[in-house]
Amino acid sequence: MVKIIFHGAAGEVGKSCIEVQSKGKRYLMDAGVKFTSFGNEYPKGLDKIHALDGIFLSHAHLDHSGALPMLEHKNLNCPIYTTKMTWKTTNLLLQDSYHLEKLKHIHPAYLERDLKKVEKDLKFVDYDKEYTTHDGKIKFQYINSGHIPGGASILMNVEGKTLLYTADINTEDSLLMVPSDIEKLSGIDILITENTYGDRVHPPREDCEKNLIESVEECIKGGGSALIPVFSVGRAQEILILLDKLNIDAPIYLDGMARKLTEIYVNSNDPYIDNKDILEKMFKKCHVVAHPSEREKIAHVKGAVIVSTSGMVQGGPVVTYVEKMCHDRDNYIILTGYQAKGTTGREILENKVFFKHHQKFTVKAQVMKYDFSAHYGQDSIHSLIDKIKPKNLILQHGDCDALRATRAYAHEHLPNTNTFLPAIGDVMEFTNEKSTITYKEGYKEKEFDKDN
């Protein structure tokens, strides 16, 4: 019997952590955190950390990796399977997250030495090769997810059942990543997929690219400078590649953690990073901001493009640039991704206001947003499940509306597939004869079918 338990990212986005149990062995798929105004939330209901037999880390984003030091603090003693690129990125993000928590006087759930402990448990894997866990119980492969460099979907064989965990995935083309081709897989017994955009179709990527370039050129011709807040992992590099298409000469500044990550990606041999030659060219062309003292001067330069973290304007050097640039109507602030409710980026976008240290600024600069999501959208989700036709479909990593929209589609188009929307704490059991679900609410067992 295969048992699957949800410790996070079920009915939400954040703290991704799914436990797979088989023949007395316990494995985790990801171990992330969820960011809240009160600090980080960690996976729920996860006990006996010392007894875990393995962790499959899909990619570096902290909502999938951020709980690893906490597990080490609780005596984790098992392999952590991942790609080398994922670890290089994860290591930077974990270090940065720890120091930010200390600066904000948030007490981390681990000690600084626990960051080092993660490294001792790493077992690196290559894409598209079949491996067996150290205990010989599970065969698995890491398959390019098209999400960020190093990211992977994970294909497992557990007790003769084929389980595919997409993790965060993009089957659509982008400037930075070769898209995932897991749609070609068949014979999947259990498909666990993200649904971040289960109720939304992305606008055509070509339109977003064209519009951003036109906005930058319009801004510079009008005498202003364009500030582009970016996520350091993936988004910053894609925007740099895109800026190669500018038809006017303008200095480009790169600031924040994106500096180090871009250098890592340029010097990597990751086979699924696309347009690396253009990225290398643009990295050499742009001015890498080396010291905070440069920022105020750069913020007053006219006719420049500033690419800086963080993408939701929650922290990092972009905050300094916004403060200095938001008063000038000739400047543009160009957001390149989703702005979560309650974030500074959302306030700038919807209300044209900016807060820093309880001081309120009115944003007079032009504000616009273009969608460069690294997650697949609704139409691609539908395409994936149509082509794979899994026996069991588990929808997670999305809000309720997104999850219900995909479930409704699956009910209509895949009548022979059992579709399930788990909640945190739910336990699923798969045998050759049937599948059952134990709900956390009273732990009432019922037949697991497409109507739950």
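Sequential numbering from 308 applies to the sequence shown in my numbering.
Think of the CB as a built atom: it goes at the ideal place given N, C-alpha and C, for glycine as much as any other residue.
In this chain, the beta strand (DSSP E) harbouring Leu642 covers Tyr639 to Leu642.
In this chain, Leu364 is not harboured by any beta strand (DSSP E), its DSSP state being neither H nor E. For Glu326 and Lys659, the gap between their C-alpha atoms comes out near 43 Å. Using a Cβ distance threshold of 9 Å, Lys698 and Thr724 count as a contacting pair. Taking one beta carbon from each stretch, the stretch 468-483 and the stretch 393-410 have fewer than 3 pairs nearer than 8 Å; the two do not touch.
Per the coordinates, the alpha-carbon of Asp551 lies some 48 Å from the alpha-carbon of Gly443. The Cβ atoms of Glu501 and Ser690 do not sit closer than 9 Å to each other.
The Cβ-Cβ distance between Leu482 and Asp581 falls below 9 Å. Each of Leu700, Lys310, Gln685 and Asp360 was checked against the Cα of Val508, and the nearest Cα belongs to Gln685. Buried is the label assigned to Lys322, since at least 16 other Cβ atoms lie within 10 Å of its Cβ. Distance between Cys526 and Leu553, taken at the CA atoms: about 12 Å. Apart from sequence neighbours up to five positions away, the residues of its chain that approach Lys395 with a beta-carbon distance below 7 Å are Ile571, ordered along the chain. Around the Cβ of Leu410, a 10 Å sphere holds fewer than 16 other Cβ atoms; the residue is exposed. Put simply, the backbone Cα of Glu601 is about 45 Å away from that of Leu710. Burial is judged here by how many other beta carbons sit within 10 angstroms of a residue's own beta carbon; Thr478 has at least 16 and is buried.
Counting only runs that start and end inside the stretch 513-562, the alpha helix (DSSP H) elements of at least 4 residues fall at 542-549.
Annotation: Glu657 is outside any beta strand (DSSP E); the continuous alpha helix (DSSP H) that includes it extends over Thr651 to Asn658. Out of Lys351, Gly623, Asp577 and Pro729, the CA that lies nearest to the CA of Asn451 is found in Asp577. Judged by DSSP secondary structure, Lys491 falls outside any alpha helix (DSSP H); it is assigned neither H nor E.
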